[in-house]
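In the working numbering, the protein residues as written are 222 to 341. The C-beta atom is built at its ideal place from N, Cα and C for all residues, glycine as well. One structure is given below, encoded as structure tokens.
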């Protein structure tokens, strides 16, 4: 992979990372200033707690994505970005465009998903 492509993928990953971190900061500020005692009844409070739970689950998923982004950035630095971890072939540019955090080529990913389906 050439340096121009690596720089583009690195920028994509860094932009995603920045966006996720900004979103997380915003959530922390909003949640810190929210007081459930201000809600008039139990139904409003339950609804609010459910919404908070959903937000925190989304944040947990984003934390996992941040870890994947960090690992992808490390692979760019060590020269292994864009190489399938299983078969060691190059991952197609289309796949990297769609999912720059990927570690598997499309063929190996399909095999992995078939195995996961068979285990149910």
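Each of 287, 331, 307 and 333 was checked against the Cα of residue 321, and the nearest Cα belongs to 287. Residue 264 and residue 293 have their C-alpha atoms spaced approximately 44 Å apart. The C-alpha of residue 330 lies about 18 Å from the C-alpha of residue 296. Residue range 314-319 is occupied by the alpha helix (DSSP H) that includes residue 314. The Cβ-Cβ distance between residue 303 and residue 312 falls below 8 Å.
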